[in-house]
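Participant: Numbering (the working numbering), first residue to last: 1 to 374.
Got a structure here, written out as C-alpha cells. Questions coming.
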Amino acid sequence: MKGRSRTARARLPIVGTGLLATAAMVATVAAGCGGGAGAAPKITTTARAGVAPVPPKEGAYFGAWVPPDGEGKPSTTKPGSASPSESPSGSPSVSAKPTGKEADKPGMAPVVGFEQELGRQLDIVQTYRSWTSEFPAGLEESVTESNRYLLLTWGGADTKKIVQGEYDELVQRRARAVKALGKPVFLRWSRDMDKAANKKRVHSPDDFVAAWKHLRTIFKQERVDNVAWVWCPTARGFGGGDAPAYYPGDDQVDWICADAQPGTDYEYRDLSEAVKMFLQWARDREKPIMIAEFGVPKSYGERRAEWLREASKTLQDPQVKAVVYFNSDEQAANARDKRRAYSVTGDKHTVSALRELATTPYFNPRNLPVTSGD
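Okay, structure coming up:
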C-alpha cells in the first residue's frame, strides 16, 4: 500500500437508466488499475449483473452519508434517523441553498447541497433504517429514481431470534418492498457486528453468520435479485479484534466492507494505517471492497486536507471499488468533541481536498460531469 503512514499515540487516554447500463456487465469483473496494491485482482460477486450493483470495471464509486437535515449534530442518534439536526459549530448547513430540480424531492436537499460543494454528483447515497423501520421510503425512493446507487444500511436485531424465525414476516415485508423498487440496492445489514457494544444482540460469530444466511434465504425465496449484500465490520476488528470470524463466506457476500474511521486513541493517524489489516485480509478473497464511513476528524485541524490527500492515494487500490465519506458530527459527545466530528462543511480547505479526491478520475468511473464546486 502506498499511502504514507504517520501514526502517533495519544498523550492522553482518550438508478437511472445510465446507472443500470453501467451495472450491466458480467458478474466476474477485472478491477481497474490504481495507486495501491499492484496488479488488478480477479473480482467475483454473486449479485445479478444489470439488476443488482456490481463493481465498476475501473476505479471506485464515490458516495457519502449526509444527515437528513444537513450537518449532523453531536448526539447518539444513529445514521439516517429522521430527527432534525443542526450544526454544533455554527457553520452553514450543506442544505442551506441547494439548487436544481432534485433538491425538491423527498430527503434530497442535503444530498444535493453536499454535491454542490463537491462539484459532482454522488455515485452512492447512504441511508439508515433501524431493524423495525418501514423502508424504502422518502429518500430511498428519491435516490433510486435518480442516477445514483442506494446504500441501505439496515440495523441489526437479536441473531438467535432471527434464526428461530421470530422475524420472518418482517423480513419478508422488507424483501418484497426492496424488490418492488426495481433498482439496484446495496444492502448493508448489521454493520459493525464485531463491536463489543453489539454483543448482547449479536451473541457470537456463529450466531451472526446463521442470522445472515437466514436473511439471505428469505430474500432468495422472495426472488429479490436487485440487492448486493455488503458485509461490513469495523476495520479495527482486523487488528486486535475478531472481525474475520463473522464472515459468512464467499457464497454469501457480494461486497466486503469496513467502517474505517482513524480512531480516537490517536492524535493523528493516516487512513492507510486504519485499513492496513483489513486490506491484508481482503487480499485472499476475490471480492470488491467498499470502504464505508471513513472520515477525517476535526481535531486534525490544518492537517485535515493533508489527511484526505493521503487517503486518496491509499484508496486508489485495484480491489477498492467503492468509498463512502461520513460527512457528519453526530458521533461527537458534544460540540467540543472534535475527535468524533467528521463533517467538512464550513472548512474551506478540507472541502477543497475532499473535492479533489471525489473528482479524481479513479473515483469517477462513470465519468460524471465535474463543476467548479462553487
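Glycine included, C-beta positions come from ideal geometry on N, C-alpha and C.
On a predicted model such as this, the values are computed, not experimentally measured, just so you know.
1) What's the C-alpha gap between A210 and V163?
2) Where does the unbroken alpha helix (DSSP H) through R201 begin, and where does it stop?
3) Distance check for P248 and R304, CA to CA, integer angstroms please.
4) Just checking: is the beta-carbon of R48 within a distance shorter than 8 Å of some beta-carbon in chain C?
5) Can you check whether the CB of A353 is closer than 8 Å to the CB of R309?
6) Can you give the Cα-Cα distance for D259 and I291, rounded to whole angstroms?
7) Can you tell me the Cβ-Cβ gap for P205 and A245, rounded? I've got them flagged as a contact below 8 Å.
8) Considering L384, what are the terminal residues of the beta strand (DSSP E) in which it resides?
9) In whole angstroms, what is the alpha-carbon distance linking A358 and V185?
10) Going by Cα to Cα distance, which pick from F238, W307, E145, R223 is closest to R174?
11) Alpha carbon to alpha carbon, what distance is there between E302 and A47?
12) Is P55 near K321, with beta carbons less than 8 Å apart?
13) What residues in its chain sit with their C-beta under 6 Å from that of S190, if we drop five residues either side in the sequence?
14) Based on the DSSP secondary-structure assignment, which residues constitute the bridge partners of W255?
15) Considering only the beta carbon of each residue, do A60 and V323 sit closer than 8 Å?
16) Indicate the three-state DSSP secondary structure (helix, strand or coil) for K313 in the structure shown.
17) Please identify the residue among E145, W131, K220, L215 whose C-alpha is closest to the C-alpha of K183.
18) Where does F238 sit, in a helix, a strand or coil, going by DSSP?
19) Suppose the cutoff is 6 Å on Cβ atoms and the five residues either side in sequence are ignored; what does the same chain contact list for T371 look like?
20) Relative to the C-alpha of A228, which candidate in V178, G263, Y362, T350 has its C-alpha closest?
21) Out of curiosity, what's the CA-to-CA distance linking K348 and V143?
22) A109 lies in the alpha helix (DSSP H); which residues open and close that run?
23) Assuming R216 and Q252 form a contact by the criterion Cβ under 8 Å, report the distance between their Cβ atoms to the nearest whole angstrom.
24) Can you check DSSP and say which residues form a bridge with M290?
25) Classify G301 as helix, strand or coil using the three-state DSSP reduction.
26) Just curious, the alpha helix (DSSP H) that V395 is in, first and last residue?
27) Is Y247 helix, strand or coil when you go by DSSP?
28) Is the Cβ-Cβ distance between K160 and H203 less than 8 Å?
29) Using only the alpha-carbon positions, how far apart do K200 and L368 sit?
30) Note down, in chain order, each residue of its chain lying with its Cβ closer than 6 Å to the Cβ of F363, except the 5 sequence neighbours on either side.
31) Taking only the alpha-carbon atoms, compute the straight-line gap between W212 and M193 and give it to the nearest angstrom.
32) Can you tell which of E267, D123, D225 has the C-alpha that lies nearest to the C-alpha of P361?
33) Report buried or exposed for E169, applying the criterion of at least 16 other Cβ atoms within 10 angstroms of its Cβ.
34) Which residue marks the beginning of the beta strand (DSSP E) containing V185, and which one marks its end?
35) What do you get for D69, buried or exposed, if any count of 16 or more other CB atoms within 10 angstroms of its CB means buried?
36) In three-state terms, what does DSSP make of F363?
Facilitator: Once the coordinates are examined:
1) 7 Å
2) 199–202
3) 36 Å
4) Protein chains in the displayed structure number just one, and chain C is not present.
5) Yes, these two residues count as a Cβ contact at 8 Å.
6) 6 Å
7) With a Cβ gap of about 4 Å, P205 and A245 count as contacting.
8) The displayed coordinates of the chain run from 1 to 374. Any statement about residue 384 would go beyond what the structure contains.
9) Going from the Cα of A358 to the Cα of V185 covers about 21 Å.
10) R223
11) Answer to the nearest angstrom: the Cα atoms are 42 Å apart.
12) yes
13) G156
14) V230
15) yes
16) helix
17) If we check each option's Cα against that of K183, E145 comes out closest.
18) helix
19) G119
20) V178
21) 27 Å
22) 109–118
23) 6 Å
24) In the DSSP output, where bridge partners are listed per residue, M290 has C257, A322.
25) Correct three-state label for G301: helix.
26) Nothing can be reported for residue 395: it is not among the residues displayed for the chain, which extend from 1 to 374.
27) coil
28) yes
29) 44 Å
30) A60, F62
31) 11 Å
32) When C-alpha distances from P361 are compared across E267, D123, D225, the shortest belongs to D123.
33) exposed
34) 185–189 is the span of the beta strand (DSSP E), which, as asked, contains V185.
35) Of the residues assessed, D69 falls on the buried side of the cut-off, its CB having 16 or more other CB atoms within 10 angstroms.
36) F363: helix per DSSP, three-state reduction.
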